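Structure record follows, encoded as structure tokens.
Number of protein chains: 2
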Amino acid sequence: MQTNYNLLKERLRKIADINYASALLQWDQEVFMPEKGAEIRAQQLATLAGISHEESTSAELGQLLNTLIDDTGLTEKELRNVKEALRNFKDRIKYPTSFVIEMSSTVSAAFNAWHAAKTGNDFSLFAPHLQKLVDLKLKECELLGYDAHPYDALINQHEPGCTTAELIAVFEQVKNRLVPFVKQVLANTQPDDSFTKLHYPKDKQWEFGLDVLRNMGYDFMAGRQDISSHPFTINFNSRDVRVTTRINENDLCEMIWSCIHEGGHALYEQGLPFDDYGLPSGEYLSLGIHESQSRLWENNVGRSFEFWSFHYKQLQQTFPEQLKGIALEEFYKAINKVAPSLIRTNADELTYHLHVLIRFEIEVGLMEGKIKVSDLPAVWNAKYKEYLGIEVPDDARGVLQDVHWSHGSFGYFPTYSLGSFYAAQFYHAALNEHSEIKSEIKAGRMAGLLQWLRENIHVHGRQFTSQELCRRITGKELDFNEFMTYAEQKFGNGS
Amino acid sequence: MQTNYNLLKERLRKIADINYASALLQWDQEVFMPEKGAEIRAQQLATLAGISHEESTSAELGQLLNTLIDDTGLTEKELRNVKEALRNFKDRIKYPTSFVIEMSSTVSAAFNAWHAAKTGNDFSLFAPHLQKLVDLKLKECELLGYDAHPYDALINQHEPGCTTAELIAVFEQVKNRLVPFVKQVLANTQPDDSFTKLHYPKDKQWEFGLDVLRNMGYDFMAGRQDISSHPFTINFNSRDVRVTTRINENDLCEMIWSCIHEGGHALYEQGLPFDDYGLPSGEYLSLGIHESQSRLWENNVGRSFEFWSFHYKQLQQTFPEQLKGIALEEFYKAINKVAPSLIRTNADELTYHLHVLIRFEIEVGLMEGKIKVSDLPAVWNAKYKEYLGIEVPDDARGVLQDVHWSHGSFGYFPTYSLGSFYAAQFYHAALNEHSEIKSEIKAGRMAGLLQWLRENIHVHGRQFTSQELCRRITGKELDFNEFMTYAEQKFGNGS
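In order, the protein sequences belong to chains A and B. Residues 468 to 962 (our numbering) are what the first sequence spells out, left to right. Residues 468 to 962 (our numbering) are what the second sequence spells out, left to right.
Here is the structure:
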């Protein structure tokens, strides 16, 4: 006879099958779909989303979860899975169908309006849609419920257990410590990185990127890389995790670090326990933890002197003319140049967080009603002047630069910074436990680091909250000091 | 208020969304999926198949169809859609879940056994599985019901309305007229085609194949070509129809004619009415009619003197060394060389049907109990000796060559020949109506032919049976004489 827990597994796996089928349709849409296929593809995705929603909110599932939550025969891990699945179930049933439909059509219209607004550099085209989205998000906060702050409900969708109060405390430190530190760094002469903007042929970049992924330990038997307009990682189970990249022939850095970044995400997904497919213990923990993996590889490893001590030879052999006479030390400095910029996705590893700080302050202000949608461009530009010291020339490169809000994604941006801060702590802990990791990386061997990440992070799936995981690994909760220490060591005067 | 017909459309489109999502998963599996992804992919496909089956056999759908069948307010086309959907519904509800599960697990085991048997050239490994499949197929015939012959039920799955008696009559003619004609053709000296077996580099073949597809009128904004181990066409709606090919660097012909063949299938799918997505009127008519489109392009057009009068120049420019000194006439003869061969998929356009004849006689014999599974190799080899005049050296190249039976596909092979016979009739009708088609093709313009196919065949979807369609176009039913006339004109002594 099937136990109730096995029945739950069956139901959760069925939902996973539907959701990952959708994911394949989305992957294809970004990578290979011919353009005329878009209309019906959207409809097919909507149909699968509807079926998934029905399955995820069925009375039978609810009953099963409510029976299992009191089942004393479950192992600790099984009980965690039941609790997490019940939490998801309770959240999902809070959405009335009418709300889902309204949100979905608002997002469709908002996305088109955002696209037109960005292209035409005209915020007013997007403003009424954004207002409607803000109103709907506030309604969503009420539907979901929260203890202290409506924004808590939004954060929780991406970073379970994280509160607005915690984020405010973290970003206070970003403001009080990182902002002045960046000014201090910028007072020094910045390195010349003009050689990274020469012509770097596509095919050679592509091959180099594949080699880097291979060296990191990405399993090409359980994944593949393709080209898309925005790099991303997507998975259909832990044995089929795909990455995409883009290549700019006039910028060596774009593809390399997108490969390393997405590779970090993909190593996490490939490391999730295959046997727990569809269960919380087989899923990534949170966006912040996901981002900790991509950023640890991208910055802590991928912009380190050790990493390039090994890889620079190969890079120079690949592009002998472009990199002629450029010493490793010079290359290392160039790829770590700090410079305030308008666009978040192009930012260096320090100023990046000032972009997120601005976004976080604005999102909280919008939810609290203290910032009006109509004032956004002015608020945005003032903050860029204040924190980054730069003038925003137009809204296309300002408040309109990112797509996220038009998708209704609020409470998402902060996880990008959380990822870097966790990464600093995790990498520090890894080096503490295994001081040989750096010398291994210098010799091109990254298996030691990967094994540490697998054992300490990947294998646990969603069995803990981020804070719990962080405590297990580092003995303490999220601690911005560690990021500052890392930043000061790398970018401070003594470096 | 939604009319009942609109409610039906919604239900049928939902089922189509699920089935075409499955199709994308299958396409990906053949083309891009990393190998470790196979296990969960199979499970995801099974889940979608289950959901599709539930939706297709729901009591609500049955009720709606039974109400609509008596709705006097429907247009003729709407009524046809209701009738066809009801026919499908009635067939699907005949399958008890236990049967579906048994068939599915038998097929999985049979496929693996067939693969081992073919690889090891050992029919005995496959025999017990094939026996089980034959028994299950007979049970399926009983479940579905039939008037005259159990095999009718199987044919009907692929060629609605076609009977065993009709097929017996057609293949009698193949036996009595085509078999002796092939012997007569073979009595003449056959052309030298050794130059087609030189080394033809992959990339250049690939580009030439894309050009041929473009010239045929295949819309790359609504499709794409990729590489797979067996060429196929697959569609997710009429605006996303994809083809695959394979390239043999030591055989010029393999890729070219797979492109033209799959291109013919794809033009049919791209020509189905987009607005009828998910409805019978938006779906292909039958496998025979589908194959008529691929074979019309592959053989009647793609192996014609007119076609190569235009394309040979380009081919020669692409492969100047390999084709140096080979005149168009010589090339044309080489690509129309008739030679009995062991493997159906490599056969020329005449002996091809002798392979199908053998397969048809065996399938009917198996269903009638007149041929025993254990006797199959001997029966197979005797028929190859009788009809094709060749000795079968081993079962791997004999009775084990094709995968179809291991998939439980019986009643499928005959449609390959029906396709060619319909193609001869359709092409004849097109030329009768538009005598300029041949000279257009000679000038590289195929739009006239494509338009005729669109208007006479593609646009109708599944509104008629194949015989009805054939009568509308040619004024008569399937007529093997037309194929023989075509064959005699092309391959006879006077050619």
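No residue lacks a Cβ here, since even glycine has one placed at the ideal position from N, Cα and C. Being a predicted model, the structure only gives us computed values, none of them experimental.
Q.
If you reduce the DSSP assignment to three classes, tell me which class R709 (chain A) lands in.
A. Three-state DSSP puts R709 (chain A) in a strand.
**Contact list for G504 (chain B) against chain A, beta-carbon separation under 8 Å** = Under the 8 Å cutoff, chain A gives A689, F703, N704, R706, D707.
task: Report the three-state DSSP secondary structure of N923 (chain B) (helix, strand or coil).
output: DSSP places N923 (chain B) in helix when its eight states are reduced to three.
- State yes or no: is the C-beta of Y883 (chain A) within less than 7 Å of the C-beta of E758 (chain A)? Contact check for Y883 (chain A) against E758 (chain A) passes: the beta carbons are separated by less than 7 Å.
Please list, in chain order, the chain A residues whose beta carbon lies closer than 9 Å to that of P501 (chain B). The CB of P501 (chain B) comes closer than 9 Å to the CB of D686, F687, M688, A689, G690, R691, R706, D707, V708, R709 in chain A, given here in chain order.
State the start and end residues of the unbroken beta strand (DSSP E) segment that holds F703 (chain A).
F703 (chain A) -> beta strand (DSSP E) spans 700-704.
- Item | Runs of alpha helix (DSSP H) wholly within the stretch 849-904 of chain A (minimum 4 residues, chain order) | The qualifying runs are 880-900.
**Message:** What residue range does the alpha helix (DSSP H) around I756 (chain A) cover?
**Reply:** Segment 754-762, the alpha helix (DSSP H) holding I756 (chain A).
Can you pull the chain B neighbours of K481 (chain A), defined as C-beta to C-beta under 8 Å? The answer, in chain order, is T514.
Worksheet item: Counting contacts by CB-CB distance shorter than 7 Å, is S962 (chain A) in contact with chain B?
Response: For S962 (chain A), the pLDDT reaches just 46, beneath the cut-off of 50, and the residue's location in the model is therefore unreliable, leaving the point undetermined.
Flag this pair as yes or no: are the beta carbons of S695 (chain A) and E497 (chain A) separated by less than 7 Å?
-> Their beta carbons are under 7 Å apart, which means S695 (chain A) touches E497 (chain A) by this criterion.
Worksheet item: Helix, strand or coil for Q692 (chain A) per DSSP?
Response: Strand at Q692 (chain A).
Please classify K943 (chain B): does DSSP put it in a helix, a strand, or coil?
-> Three-state DSSP puts K943 (chain B) in coil, outside helix and strand.
| request: May I have the straight-line CA-CA distance separating L621 (chain A) from P668 (chain B), to the nearest angstrom? | output: Distance between the alpha carbons of L621 (chain A) and P668 (chain B): 56 Å.
Note to self: Could you compute how far the alpha carbon of H895 (chain B) sits from the alpha carbon of T941 (chain B)?
What the structure shows: Just so you know, the alpha carbons of H895 (chain B) and T941 (chain B) end up roughly 9 Å apart.
Distance check for L474 (chain B) and H616 (chain B), CA to CA, integer angstroms please. Their Cα atoms are separated by approximately 37 Å.
Q) Residues of chain A with a CB under 7 Å from the CB of D742 (chain B): which are they? A) Neighbours of D742 (chain B) in chain A, taken as residues whose beta carbon is under 7 Å from its own, are absent, since the nearest beta carbon is some 11 Å off.
- Task: Under 7 Å between beta-carbons, which chain A residues line up against Y487 (chain B)? List them in chain order, please.
- Result: Under the 7 Å cutoff, chain A gives Q511.
(request) Report the three-state DSSP secondary structure of D815 (chain A) (helix, strand or coil). (result) Coil.
- Measure the Cβ-Cβ separation of V866 (chain A) and P881 (chain A) and say whether it is below 7 Å. Not in contact: V866 (chain A) and P881 (chain A) (Cβ atoms no closer than 7 Å).
Legend entry - Close beta carbons around G690 (chain B), own chain, < 8 Å, minus the five adjacent residues each side: Beyond the five residues adjoining it in sequence on each side, G690 (chain B) comes within less than 8 Å, by CB distance, of D707, V708, R709, V710, A733, Q737 in the same chain, given in chain order.
* From K561 (chain B) to R554 (chain B), what distance separates their C-alpha atoms? -> If I take the Cα positions, the gap works out to 11 Å.
Check your understanding: For G856 (chain A), which of A:W872, A:G749, A:L898, A:S808 has the nearest alpha-carbon?
Key -> Comparing Cα-Cα distances from G856 (chain A) to each of A:W872, A:G749, A:L898, A:S808, the minimum goes to A:S808.
Taking beta-carbon pairs under 9 Å, can you tell me which members of the stretch 845-874 of chain A lie near chain B? Those residues of the stretch 845-874 of chain A that come within reach of chain B (Cβ to Cβ, closer than 9 Å) do not exist; the list is empty.
CA-to-CA distance, V574 (chain A) to S753 (chain A), given in whole angstroms | Looking at the two C-alpha atoms, the distance is approximately 23 Å.
- Item | Contacts around T630 (chain A), its chain only, beta-carbon distance under 6 Å, and the 5 residues preceding and following it disregarded | Answer for T630 (chain A): D619, listed in chain order.
DSSP state of Q956 (chain B) mapped onto helix, strand, coil = Annotated three-state conformation of Q956 (chain B) is helix, per DSSP.
- Task: Identify which residue in A:M683, A:Q469, A:G517 has its Cα closest to the Cα of S761 (chain A).
- Result: Ranking the options by Cα distance to S761 (chain A), first place goes to A:M683.
Mapping the DSSP letters down to three states, classify A794 (chain A) as helix, strand or coil. The answer is coil: DSSP assigns A794 (chain A) none of H, G, I, E or B.
_Own chain, CB closer than 8 Å to L531 (chain A), minus 5 neighbours either side, in chain order_ = Residues of the same chain with a CB within less than 8 Å of the CB of L531 (chain A), apart from the 5 flanking positions on each side, are N471, L474, L475, R478 in chain order.
Open item on the list: Taking the alpha helix (DSSP H) that S575 (chain A) belongs to, which residues open and close that run?
Closed with: Per DSSP, the continuous alpha helix (DSSP H) segment holding S575 (chain A) begins and ends at 564-587.
Inset, instruction - Can you give me the start and stop residues for the alpha helix (DSSP H) that Y735 (chain A) sits inside? - result: It spans 719-738 - the alpha helix (DSSP H) in which Y735 (chain A) sits, taken as one unbroken run.
- Task: Note down, in chain order, each residue of its chain lying with its Cβ closer than 7 Å to the Cβ of S841 (chain A), except the 5 sequence neighbours on either side.
- Result: Closer than 7 Å at the Cβ level, and outside the excluded window around S841 (chain A), lie A594.
Is the CB-CB distance between R559 (chain B) and T524 (chain B) below 7 Å?
Yes; because the gap between Cβ atoms is below 7 Å, this pair is in contact.
_Contacting positions in the stretch 596-616 of chain A - beta carbon closer than 9 Å to chain B_ = So the list is empty, because no residue satisfies the distance condition.
Where does the unbroken alpha helix (DSSP H) through G529 (chain A) begin, and where does it stop?
Note, G529 (chain A): alpha helix (DSSP H), 526-535.
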